[in-house]
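Asks: Right, I'll just put the structure down here and ask away after.
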Amino acid sequence: MRIRDERNFLSGLVLVAFGLGTLLIARNYKMGTAFRMGSGYFPAMLASMLIVIGMIVACLAFRSGEVKLPKVAWRPLFMVSAAVALFGLIINGAGLLLATFAMVVVSRLARPGYPWIETVVLSVVLSVLCGVLFYYGLRIQMPLLPTWWG
Amino acid sequence: MDLLHNLELGFSVALTLKNILYCFFGTVIGTLVGVLPGIGTPTTVALLLPFTYGLEPTTALIMLAGIYYGAQYGCSTTSILINIPGEPSGVITVLDGYQMARQGRAGEALLVSALGSFFAGCVATIVIAAFGPPLANVALKFGPAEYFSLMVLGLIAAVVLARGSAIKAIGMVILGLLFGLVGTDVRTGEQRFTFGWIELFDGIDFTVIAMGVLGMAELISNLEEAEEDRQSFTKSVKGLGIWRLSRDDFRRAWPASVRGTLVGTVLGVLPGGGALISAFASYALEKKIAKEPERFGKGAIEGVAAPESANNAGAQTSFIPMLTMGIPSNVVMALMIGALMIHNIQPGPQVMTKNPDLFWGLVASMWVGNLMLVILNLPLIGIWVKLLAVKYRLLSPAILAVCSIGVYTVSNSSSAVLLMALFGALGYVFVKLDFEPAPLLLGFVLGPMMEDNLRRAMTISHGNPAVFITRPLSLALLTVALLLLVAILFPSIAKRREKSF
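Chains as they are written, first to last, in the working numbering: chain X, 1 to 150; chain U, 151 to 651.
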């Protein structure tokens with residue numbers, strides 16, 4: 001017996017982990033009865049089903065075709081997530097223009113070898129476009145300019 | 151003739167200059183919103199709600215409705231051209247629409263979806279007018295047990311739709327249901343899975359999770375691929391005749407469009423239904439009855455025509471439960487009810503008798519709006535196609551910016567953006583592990599509703615779960631769900647299914 005489908009084995013483990021995590025977080029929620037269900041009844045039901053399904057997926061990995069673990073592209077994953085997170089973190093203080101500018105610059109780091117001049121031009125153009133479209137056009141409620149200095 | 155008389159009243163209301171103008175505003179804004187990923191219809195409707203205070207209720211509703219079905223038109227464009235659904239209901243169109251675009255048939259895909267949507271819009275308008283009142287009576291017979299069973303069926307259908315492993319898709323559905331439960335439990339008022347984070351007390355917004363696991367995850371995967379791939383595809387789209395629809399395409403598309411319209415019309419009426427489920431179900435149907443199901447997912451024109459017709463039909467007929475029973479079948483309908491309440495109109499069966507001009511004016515305006523959309527959108531397809539000439543490396547930061555700003559506006563909080571970043575990373579993990587995001591999203595939408603109906607059904611039956619099989623309608627729905635489940639899990643069929651995706 002050995003794991004043949006590494007990807008599905010991991011997939012099963014992920015599902016089991018989500019199920020166990022749910023049970024752990026929900027351990028203090030009231031179960032209630034079937035007649036009057038508490039806040040923990042349905043989550044516990046779903047989490048148990050999830051664990052069973054995750055185990056089936058993991059077990060099936062022992063008797064299927066060979067699949068290796070997929071390669072993860074760490075750089076785009078990290079940079080894109082970081083770009084969005086950065087936007088979220090600074091938007092209230094930095095305002096729409098600066099936050100968009102920063103996000104675009106960081107997201108461009110997702111792939112190596114982009115010319116710097118293109119990054120700068122693109123960031124400026126996109127920031128201005130977003131400002132015009134969302135702030136002036138759709139009148140979205142967010143600061144346009146930095147509010148750090150009052 | 152009652153119907154003719156009613157429609158006459160409706161058109162006399164819808165065809166006043168003011169109402170035509172606001173209908174036009176609504177459809178144009180809707181199309182734009184549908185095209186832009188990250189700014190959902192609910193957000194837009196919510197944003198514009200304050201501006202309708204000053205309008206007459208009928209005019210306000212006509213404009214808000216225009217946004218909703220206009221967005222169904224618009225979202226097909228984004229789904230087909232950049233592989234990101236502008237709206238949740240575009241998730242299905244992505245499957246074949248984007249493949250068609252890759253094969254240089256983006257023009258055909260867009261044309262078929264516009265014409266299919268128009269056809270569906272016309273049919274749905276007639277259906278609302280003719281069958282609105284009697285259909286509402288059918289829906290009235292649904293108790294919580296039936297609702298619950300209906301949702302089970304809907305979710306199983308979503309599993310049938312998913313590519314690859316069915317059991318993993320079931321896992322995604324359950325995970326989606328769990329994500330849907332995050333927030334305040336409506337029955338007990340207790341916080342669940344919020345980690346004391348105030349922003350989570352109202353639950354995770356659909357936009358956040360959809361943009362994360364679909365939009366961002368896709369973006370990351372795209373950045374991982376070699377860039378030439380994307381460029382060669384945009385080149386093949388350029389210089390393409392938009393108006394050409396070969397006889398073969400037409401022959402395949404029109405019956406699919408008719409079937410999609412029927413599915414959408416029926417499913418839109420059911421509570422919990424609407425554009426999203428209609429698109430899912432019609433795609434499943436097309437694949438089931440197709441002679442060569444293996445074409446689906448690889449650019450089958452039926453796979454665009456059917457769900458695009460269905461989501462438009464479903465979007466429109468979902469007004470029926472809202473207008474006749476005061477029950478919102480989705481978020482947008484809930485906002486519509488909010489708009490009615492502002493004008494002191496209590497949604498319910500009495501709307502049709504007390505405010506006939508509102509009901510029939512709205513119905514008539516839908517047809518007017520659909521006509522405007524098809525006239526407006528066919529020439530504009532050229533502009534959308536031109537958008538594709540932009541290199542992906544220039545487009546991807548723009549998509550990211552629109553997503554982030556859109557998500558921010560949903561809740562006016564920066565934590566929504568952080569949450570989206572989290573779901574984006576999670577979505578990428580799902581992509582790598584070969585999990586499908588669509589079942590997750592459907593589970594997410596239905597999570598709270600399912601729990602609520604389960605509780606109500608069980609309370610009514612005094613805790614006896616037999617209620618789901620003793621009520622005939624509920625039993626029928628569950629039986630169909632079970633048959634579907636057996637069919638996909640049964641090995642020999644499963645093997646054929648694997649090949650067909």
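Just so you know, even glycine gets a beta-carbon here, dropped at the ideal spot from N, CA and C.
Would you identify the three-state DSSP class for G418 (chain U), choosing helix, strand or coil?
Replies: The residue labelled residue 418 (chain U) in the question sits at position 268 within the second sequence. Reduced to three states, the DSSP call for G418 (chain U) is helix.
Asks: Decide if the region 328-343 of chain U is in contact with the region 618-627 of chain U; the criterion is three or more beta carbon pairs, one per stretch, under 8 Å apart.
Replies: Contact between the region 328-343 of chain U and the region 618-627 of chain U is absent, because fewer than three Cβ pairs lie under 8 Å.
Asks: Could you check whether the Cβ of M570 (chain U) sits closer than 8 Å to any Cβ belonging to chain X?
Replies: Position 420 of the second sequence holds residue 570 (chain U). Closer than 8 Å to some Cβ of chain X, the Cβ of M570 (chain U) qualifies, so yes.
Asks: Helix or strand or just coil, what does DSSP make of T334 (chain U)?
Replies: Mapped onto the second sequence, residue 334 (chain U) falls at position 184. Of the three classes helix, strand and coil, the one that applies to T334 (chain U) here is strand, per DSSP.
Asks: Please decide whether T100 (chain X) counts as near chain B, where near means a Cβ-Cβ distance under 8 Å.
Replies: Among the chains of the structure shown, chain B does not appear; the protein chains present are X and U.
Asks: Are the region 105-122 of chain X and the region 141-148 of chain X in contact at 8 Å, needing three or more beta carbon pairs?
Replies: Counting Cβ pairs under 8 Å, fewer than three are found: no touch.
Asks: Taking 7 Å as the cut-off, is the beta-carbon of N156 (chain U) closer than that to any non-hydrogen atom of the ligand GTP?
Replies: This structure simply doesn't include the ligand GTP, nor any ligand for that matter.
Asks: Please classify G447 (chain U): does DSSP put it in a helix, a strand, or coil?
Replies: By one-based count along the second sequence, residue 447 (chain U) stands at place 297. Three-state DSSP puts G447 (chain U) in coil, outside helix and strand.
Asks: Indicate the three-state DSSP secondary structure (helix, strand or coil) for G293 (chain U) in the structure shown.
Replies: The residue given as residue 293 (chain U) occupies position 143 in the second sequence. It is coil, neither helix nor strand.
Asks: Sort out for me which residues DSSP pairs M361 (chain U) with in a bridge.
Replies: Working through the second sequence from its first residue, we reach residue 361 (chain U) at position 211. In DSSP, M361 (chain U) forms no bridge with anything.
Asks: To the nearest angstrom, how far is it from the Cα of S386 (chain U) to the Cα of K448 (chain U)?
Replies: What you label residue 386 (chain U) is simply residue 236 of the second sequence in a count that begins at 1. What you label residue 448 (chain U) is simply residue 298 of the second sequence in a count that begins at 1. Here S386 (chain U) scores only 45 on pLDDT, less than 50, and its place in the model is too uncertain to base an answer on.
Asks: Which of the three DSSP states is assigned to R409 (chain U) in this structure?
Replies: Sequence index remark: in the second sequence, residue 409 (chain U) carries index 259 (1-based). If DSSP states are grouped into helix, strand and coil, R409 (chain U) belongs with the helices.
Asks: Kindly indicate which three-state DSSP category D584 (chain U) falls into: helix, strand or coil?
Replies: What you label residue 584 (chain U) is simply residue 434 of the second sequence in a count that begins at 1. DSSP places D584 (chain U) in coil when its eight states are reduced to three.
Asks: V513 (chain U): which of U:I230, U:T209, U:G353 and U:A316 sits nearest, CA to CA?
Replies: Working through the second sequence from its first residue, we reach residue 513 (chain U) at position 363. Of U:I230, U:T209, U:G353 and U:A316, the residue nearest in Cα terms is U:T209.
Asks: Keeping to the same chain, check which residues put their C-beta closer than 7 Å to that of G160 (chain U); ignore five residues upstream and five downstream.
Replies: The sequence position of residue 160 (chain U) within the second sequence is 10, counting from 1. For G160 (chain U), where only same-chain residues beyond five positions count, the Cβ hits under 7 Å are W510, G511, V513 and A514.
Asks: Can you pull the chain X residues whose beta carbon is under 7 Å from the beta carbon of Y558 (chain U), in chain order?
Replies: Here residue 558 (chain U) refers to the residue found at position 408 of the second sequence. Result: I91 and M142.
Asks: Between the beta-carbon of G216 (chain U) and the beta-carbon of C173 (chain U), is there less than 8 Å?
Replies: Working through the second sequence from its first residue, we reach residue 216 (chain U) at position 66. Working through the second sequence from its first residue, we reach residue 173 (chain U) at position 23. Going by C-beta atoms, G216 (chain U) is nearer than 8 Å to C173 (chain U).
Asks: I want to verify the contact list: residues of chain X whose CB lies under 7 Å from the CB of D335 (chain U), in sequence order.
Replies: Here residue 335 (chain U) is taken as the residue at index 185 of the second sequence, counted from 1. Result: S39.
Asks: Is there at least one Cβ from chain U nearer than 8 Å to C59 (chain X)'s Cβ?
Replies: Here residue 59 (chain X) refers to the residue found at position 59 of the first sequence. Output row for C59 (chain X): interface = no.
Asks: Of the choices U:K168, U:T629, U:G577 and U:S468, whose alpha-carbon is the least far from that of V14 (chain X)?
Replies: Along the first sequence, one-based indexing puts residue 14 (chain X) at 14. It is U:G577.
Asks: Roughly how many angstroms separate the alpha carbons of W262 (chain U) and L634 (chain U), rounded to a whole number?
Replies: Taking the second sequence and counting its residues from 1, one reaches residue 262 (chain U) at position 112. Taking the second sequence and counting its residues from 1, one reaches residue 634 (chain U) at position 484. In the sequence on display, residue 262 (chain U) carries Val and not Trp. Going by the C-alpha atoms only, they are around 30 Å apart.
Asks: Look up M1 (chain X) in the DSSP assignment and say whether it is helix, strand or coil.
Replies: Reading the first sequence from its first residue, position 1 is the one you call residue 1 (chain X). M1 (chain X) falls in the coil class under three-state DSSP.
Asks: Less than 8 Å between CB atoms is the rule here; does E374 (chain U) satisfy it with respect to chain X?
Replies: Within the second sequence, the letter at position 224 stands for residue 374 (chain U). So, interface residue.
Asks: Does the region 394-401 of chain U come into contact with the region 94-102 of chain X, if we say contact requires no fewer than three beta-carbon pairs (one atom in each stretch) closer than 8 Å?
Replies: No, they do not touch.
Asks: Checking the sheet assignment: what are the DSSP bridge partners for M109 (chain U)?
Replies: Residue 109 (chain U) is absent from the structure shown; chain U starts at 151 and stops at 651.
Asks: What residues are listed by DSSP as bridge partners for R342 (chain U)?
Replies: For this step, residue 342 (chain U) is matched to residue 192 along the second sequence. Paired residues: U:G333.
Asks: Taking the straight line between their C-alpha atoms, what separation do you get for E340 (chain U) and G40 (chain X)?
Replies: Start at 1 with the first residue of the second sequence, and residue 340 (chain U) comes out as number 190. Start at 1 with the first residue of the first sequence, and residue 40 (chain X) comes out as number 40. One C-alpha to the other measures close to 10 Å.
Asks: Indicate whether the contact test is met: 3 or more Cβ pairs, each with one atom in the region 39-55 of chain X and one in the region 2-16 of chain X, closer than 8 Å.
Replies: At 8 Å Cβ cutoff, the stretches touch.
Asks: Let me know if R255 (chain U) comes out buried or exposed under the rule of 16 or more other beta-carbons within 10 Å of its beta-carbon.
Replies: As a working note, residue 255 (chain U) is residue 105 in the second sequence. The residue is buried, with at least 16 neighbouring Cβ atoms inside 10 Å.
Asks: Are the C-beta of R108 (chain X) and some C-beta of chain U separated by less than 8 Å?
Replies: The residue you call residue 108 (chain X) lines up with position 108 of the first sequence. Judged by the 8 Å Cβ criterion, R108 (chain X) is in contact with chain U.
Asks: For M37 (chain X), list the residues DSSP reports as bridge partners.
Replies: Locating residue 37 (chain X) in the first sequence gives position 37, where the first residue counts as 1. X:G32, per the DSSP bridge assignment.
Asks: Please compile the residues from chain U whose C-beta is within a distance smaller than 9 Å of the C-beta of R7 (chain X).
Replies: Position 7 of the first sequence holds residue 7 (chain X). Ordered by position in chain U, the residues that pass the 9 Å Cβ test against R7 (chain X) are K582, L583 and D584.
Asks: What does M516 (chain U) reach in chain X if we use C-beta pairs closer than 9 Å?
Replies: Start at 1 with the first residue of the second sequence, and residue 516 (chain U) comes out as number 366. Ordered by position in chain X, no residue passes the 9 Å Cβ test against M516 (chain U), which lies about 25 Å from the chain.
Asks: Does the separation of the CB atoms of E349 (chain U) and A566 (chain U) fall below 8 Å?
Replies: Taking the first residue of the second sequence as position 1, residue 349 (chain U) is located at position 199. Taking the first residue of the second sequence as position 1, residue 566 (chain U) is located at position 416. Yes, they are a contact pair.
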